[in-house]
Amino acid sequence: MLSVSGLSKVFDQQPVFSGFDLTVTRNRFAVLIGPSGCGKSTLFDVLTGVTAPDEGRILWQESEVAHLGDLAAYMHQKDLLLPWFSLLENSLLPSRTGGGDLKQARSRAMQLFSRLGLSGYEKYLPYQVSGGMRQRCALVRTLMFNRDLILLDEPLSALDAITRKRLQSLLLLLQSEFDRTLLMITHDVDEALLLADDLYLLSAKPMRIIEKIELHGDKPGRLNTPQLLAMKDMIMKRLEEDIDHDPC
Amino acid sequence: MRKQLSAIVVICTFFFFAGSASAQKLTLMLDWFPNIDHLPIYVAQEKGLFAERGLEVEIISPSETADGLKLAASGNVDMAVSYEPQTIIAASAGLDVKVVGRLIEHPLTTLLFLKSEAIKTPKDLEGKKIGYTVPGLMDVILKAFMSINGVDNYEAINVGFTIVPALVAGNVDAVMGPFKTYETVTMAHQNLEADYFELEKWGIPDYEELIFVCGARTLSEKGESIKGFIRAVETATAYLRKHPEAALKTYLKALPEADSRVETDAFRLTLPFYAAPGGSNAAAWQQFADFSLQHGLIEKPVVTEDLIHIW
Amino acid sequence: MTRANLLALAILILLLGLWEVACWMFTIPVFILPPPSIIMSTAVLKAPLILPHAMTTGLEIICGIALALAVAIPLAIGMFAFPWLEKALSPFLVTSQAIPVFALAPLLVVWLGYGMAGKILMAAIIIFFPITVSLLEGFKGCDHEFRVLFRLMGAGFWQTMRLLYWPWALPHFFAGLRVGVTVATIGAVIGEWVGAQSGLGFLMIQANARLKVDLVFAVILWLSLMGLALWYGVGWLEKKSIFWRNNQQILE
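Residue numbers (our numbering), protein chains in the order written: chain V, 1 to 248; chain Z, 1 to 311; chain F, 1 to 252.
Okay, structure coming up:
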């Protein structure tokens, strides 16, 4: 569905990544994991069109595009809810800006609110609800984008452990029930192993893919199986090795 | 040792007496920026007439015209130059000032306008827009002037300091307040011809445009020095009548920032008005005070005999 | 009344008390510096005289603020939308503030006459700059991630202005407005000093010429109260407009 080839970006005369290749398959959950701050967010900036790459191509369903700005939805660490709009109004923003039937959008949003456990809080302002609820509202907004691909930039790292767990299951819901394709960045190995179908290990700068691992088994149940525990050890070792060679 | 000690004693005594013979300081606050009306004061200073009488005069410009009266009354300055009308207002308001001398003995204030065939008497200003320069003072005088001359229909507009632009732009047809010795000159230098109605010729009692005032307490404390000041100014005035060109030169030397062309022309017009020696005329002042009461310039009557000090 | 308010009130009473005592103790003449008791009684007793002038000046200030907003808001939006415009206008904007305002007053009187127009313009000139600058800073201060979000949502500049930039900049806007509003009184009064037919500045000159210094100070008192009223008025407006809490808190 999405294919990136030969992507290069230089920032402040330092190569962030060069010759970066990546393929994301439809309705699969791809996770990029690597040490903090070594270029993963810059990759997303390039994919979303915030900055242009110095080299390389982005292919969407076989045809070349400049960026995924109109094709992907985006979720960030920060919920990015506008403080002056209610939760419902926030979730309706993509429909307002993108055009389309607001009445229909409204009922869809209400359904999603109830599906994600936010019923009754539609009229609340963001400062009146908890961080987890805000992130769930952000999820609704992301779904309201109605785009097949969702880019997730460490969306859960700012949350406490319990809220995190809840939202991780919601992300899996996006894949199973809402039929989305997801590409996520994280630096939490447990999270990666829990969610990913295709797991990409990233190196430190200049960023490249050290290894691609395909994961099988029921999500989330599989986390405690011995195979995955062994996998986790291996991954940790690999990432540490890489850091020893080349600290960011 | 003895010789040296007595030398020191002699020197110290000398300085002690020299010190006590040093000049008496007087502060004088003008009514406005130094201008040709103040010429006698500057001539007196430059020619050493103050020093001769043991006086050291410090001349200060005010931030605005009412300052002098207030500060003289409170004793913050020893003397001030002021206007008869405003002094009468001050006396009526209870300020304890005394009139101690004269500088300009007749009115210079006029109702001024651009020279025109259409305006020959105040009646010709019927229905026109008349500007005035100081609210609370000039508007009242304007009202008196108009009522005395039978002009009922006119519009009074406060033009602040912008006398000439207001006339030229046609915002007003005449202005109450400009001096016939000054604005006429500045306007002539801009190729504008001015004409005017003199107040004292059209019903306003004659008054002294510029006078010297001081606080009552200052008068009792520094009377001798103030008398010396007044005598020095009178001498300077006598001198300038005999030697006008020289006096003008002295004045311009004392005030290098003055516009010599304007001041020179203004000087010729002002010459006849510098006050002759002698104090203010209490009777004439009373006439003006009564006139002020009658026309609402003051609220409480003023007895000018108490106001004017005769040396 | 909160503790802070009580303290402020106490300090005020103390200062006024010292002033009053100093006037009597040093027998300062009333025509130099009147004591607070006389100022306040004049301000109340002469209220019928002062009120029409206060209304004139008040009207000049309100119109000046309206004019300033009418210029400042489009200007800030324009400079934000077109960075080249900001670069081009910056030197002029800064210079406009460096010129002493009382130098402009006589010119405005000559050009615009002795009515209210010149005073309104004076007030507007003084306050449009802080408002423009704060508003522009508010726009520019919008977090980068929000701008990306809006771009991804396909929102155009004006939609983003309406939904994101403007609400974001409101706190900055009100900060600028509060500063501007208190200085607007200065602009109007200075305009009146140079030539006016009514207004508190006019009344001050008139009172001064008649050596009624207590009235001068009473007028100053009225002006201060007007300034305070404007300050609190804007504060109230701000509270109503920014009905969410400081958005900085939420964005952690």
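Yeah, the Cβ is synthetic: ideal placement off N, Cα and C, and Gly gets one too. Because the structure is a prediction, the values reported are computed rather than measured.
Between the stretch 29-61 of chain V and chain F, which residues of the former have a C-beta closer than 9 angstroms to a C-beta of the latter?
45, 48, 49 and 50
Find the residues of chain V that neighbour residue 154(F), judging by a C-beta separation of less than 9 angstroms, and give them in chain order.
Residue mapping note: residue 154(F) aligns to position 154 of the third sequence, counting from 1. 69, 70, 94, 97, 98 and 99, listed in chain order.
Note down, in chain order, each residue of its chain lying with its Cβ closer than 6 angstroms to the Cβ of residue 52(V), except the 5 sequence neighbours on either side.
What you label residue 52(V) is simply residue 52 of the first sequence in a count that begins at 1. Within the same chain, residue 52(V) has no close Cβ partners at all.
How about the stretch 195-214 of chain F and the stretch 11-21 of chain F: do they share at least three Cβ pairs that are nearer than 8 angstroms?
no
Comparing alpha-carbon positions, which option in 133(F), 163(F) and 179(F) lies nearest residue 229(F)?
Residue 229(F) sits at position 229 when you count from the first residue of the third sequence. Residue 179(F) is the option with its Cα nearest to residue 229(F).
I need the straight-line Cα distance from residue 131(Z) to residue 137(Z), nearest angstrom please.
Position 131 of the second sequence, counted from the first residue, corresponds to residue 131(Z). Position 137 of the second sequence, counted from the first residue, corresponds to residue 137(Z). Approximately 13 angstroms, taken between the alpha carbons.
Leaving out five residues on either side along the sequence, give the residues of the same chain with a beta carbon under 7 angstroms from the beta carbon of residue 165(V).
For the purposes of this step, residue 165(V) is taken as the residue at position 165 of the first sequence. Once the five neighbours on either side are set aside, residue 165(V) has no close Cβ partner at all.
Work out the CA separation of residue 43(V) and residue 147(V) for me, nearest whole Å.
Numbered from 1 along the first sequence, position 147 holds the residue referred to as residue 147(V). Numbered from 1 along the first sequence, position 43 holds the residue referred to as residue 43(V). Computed Cα separation, rounded: 19 angstroms.
In angstroms with no decimal places, state the Cα-to-Cα distance between residue 168(Z) and residue 108(F).
Looking up residue 168(Z) in the second sequence gives position 168. Looking up residue 108(F) in the third sequence gives position 108. Between residue 168(Z) and residue 108(F), the alpha-carbon positions lie close to 15 angstroms from each other.
Would you mind listing the alpha helix (DSSP H) stretches within the stretch 127-169 of chain F that are 4+ residues and don't spill past its ends, in chain order?
You should have 144-152 and 157-160.
Within 10 angstroms of the Cβ of residue 185(Z), are there 16 or more other Cβ atoms? Answer buried if so, exposed if not.
Here residue 185(Z) refers to the residue found at position 185 of the second sequence. So residue 185(Z) ends up on the buried side.
Return the chain-ordered list of same chain residues with a C-beta closer than 6 angstroms to the C-beta of residue 234(F), the five sequence neighbours on each side being excluded.
What you label residue 234(F) is simply residue 234 of the third sequence in a count that begins at 1. Answer for residue 234(F): 177, 178 and 181, listed in chain order.
I want to verify the contact list: residues of chain V whose CB lies under 9 angstroms from the CB of residue 151(F), in sequence order.
Working through the third sequence from its first residue, we reach residue 151(F) at position 151. Per Cβ cutoff of 9 angstroms: 48, 49, 50 and 69.
Where does residue 112(Z) fall in DSSP's three states?
The count along the second sequence starts at 1 and reaches residue 112(Z) at position 112. Residue 112(Z): strand per DSSP, three-state reduction.
Can you say whether residue 227(V) is buried or exposed, counting buried as having 16 or more other CB atoms within 10 angstroms of its CB?
Mapped onto the first sequence, residue 227(V) falls at position 227. Residue 227(V) should be labelled exposed.
Taking Cβ positions, are residue 233(Z) and residue 99(Z) nearer each other than 9 angstroms?
Position 233 of the second sequence, counting from 1, holds the residue named residue 233(Z). Position 99 of the second sequence, counting from 1, holds the residue named residue 99(Z). No, they are not a contact pair.
Who are the neighbours of residue 80(V) on chain F, taking C-beta pairs under 8 angstroms?
Translated into positions along the first sequence, residue 80(V) becomes position 80. Simply 145, 146 and 149.
For a contact defined as C-beta to C-beta under 9 angstroms, what are the partners of residue 167(F) on chain V?
Against the third sequence, residue 167(F) aligns to sequence position 167. At a C-beta separation below 9 angstroms, residue 167(F) has these neighbours in chain V: 82, 83, 84 and 85.
Once DSSP output is grouped into helix, strand and coil, what is the label at residue 165(V)?
Position 165 of the first sequence, counted from the start, is the residue given in the question as residue 165(V). Note: residue 165(V) maps to helix in three-state DSSP.
Closer than 8 angstroms is the cut-off here; do at least three beta carbon pairs connect the stretch 76-86 of chain V with the stretch 132-142 of chain F?
no
Could you work out which residue in 92(F), 114(F) and 124(F) is closest to residue 66(F) when comparing CA atoms only?
Locating residue 66(F) in the third sequence gives position 66, where the first residue counts as 1. Considering only alpha carbons, the answer is 124(F).
Note down the Cα distance separating residue 215(V) from residue 30(V), rounded to an integer number of angstroms.
For this step, residue 215(V) is matched to residue 215 along the first sequence. For this step, residue 30(V) is matched to residue 30 along the first sequence. If you take the alpha carbons of residue 215(V) and residue 30(V), they lie about 10 angstroms apart.
Taking a Cβ distance cut-off of 7 angstroms, strictly less, list which residues of the stretch 115-147 of chain V are near chain F, in chain order.
Those would be 125, 126 and 127, in chain order.
Shorter than 9 angstroms from the beta carbon of residue 220(F) to some beta carbon of chain Z?
Working through the third sequence from its first residue, we reach residue 220(F) at position 220. It does not; no Cβ of chain Z falls within 9 angstroms.
Distance, Cα to Cα, residue 175(V) vs residue 181(V)?
One-based indexing of the first sequence puts residue 175(V) at position 175. One-based indexing of the first sequence puts residue 181(V) at position 181. Between residue 175(V) and residue 181(V), the C-alpha separation is close to 6 angstroms.
How long is the line joining the alpha carbons of residue 170(V) and residue 11(V), rounded to whole angstroms?
Walking along the first sequence from the start, residue 170(V) turns up at place 170. Walking along the first sequence from the start, residue 11(V) turns up at place 11. For residue 170(V) and residue 11(V), the distance between alpha carbons rounds to 35 angstroms.
By alpha-carbon positions, which one of 216(F), 47(F), 212(F) and 151(F) ends up nearest to residue 299(Z)?
Translated into positions along the second sequence, residue 299(Z) becomes position 299. Ranking 216(F), 47(F), 212(F) and 151(F) by Cα distance to residue 299(Z) puts 212(F) first.
Please check the pair residue 122(F) and residue 104(F), which I expect to be a contact at CB under 8 angstroms, by giving their CB distance rounded to whole angstroms.
The residue given as residue 122(F) occupies position 122 in the third sequence. The residue given as residue 104(F) occupies position 104 in the third sequence. Confirmed, Cβ separation roughly 7 angstroms.
Looking only at C-alpha atoms, which of 187(V), 145(V), 240(V) and 139(V) sits nearest to residue 173(V)?
Sequence index remark: in the first sequence, residue 173(V) carries index 173 (1-based). Residue 173(V) has its Cα closest to that of 139(V), out of 187(V), 145(V), 240(V) and 139(V).
Could you tell me the boundaries of the alpha helix (DSSP H) in which residue 55(F) lies?
Sequence index remark: in the third sequence, residue 55(F) carries index 55 (1-based). Per DSSP, the continuous alpha helix (DSSP H) segment holding residue 55(F) begins and ends at 47-81.
In chain order, what residues of the same chain have a beta carbon less than 8 angstroms from the beta carbon of residue 85(F), not counting five sequence neighbours either side?
In the third sequence, the residue the question calls residue 85(F) occupies position 85. 78 and 79, listed in sequence order.
Taking 9 angstroms as the threshold (beta carbon to beta carbon), is residue 76(V) in contact with chain C?
This model lacks chain C altogether, as its protein chains are V, Z and F.
Compare the C-beta of residue 105(V) against all C-beta atoms of chain F and say whether one is closer than 9 angstroms.
Numbered from 1 along the first sequence, position 105 holds the residue referred to as residue 105(V). For residue 105(V), the answer is no, since every Cβ of chain F falls outside 9 angstroms of its Cβ.
Could you tell me which chain F residues have their CB closer than 8 angstroms to the CB of residue 127(Z), listed as they occur along the chain?
On the second sequence, residue 127(Z) is found 127 positions in, with the first residue counted as 1. The contacting residues do not exist; residue 127(Z) stays about 18 angstroms from chain F at best.
Looking at residue 122(Z) and residue 151(Z), is the spacing between their C-beta atoms short of 9 angstroms?
In the second sequence, residue 151(Z) corresponds to position 151, counting from 1. In the second sequence, residue 122(Z) corresponds to position 122, counting from 1. Yes, the Cβ-Cβ distance between residue 151(Z) and residue 122(Z) is below 9 angstroms.
Grouping DSSP H, G and I as helix and E and B as strand, with all else coil, what is residue 84(Z)?
In the second sequence, counting from the first residue as 1, residue 84(Z) sits at position 84. Reduced to three states, the DSSP call for residue 84(Z) is helix.
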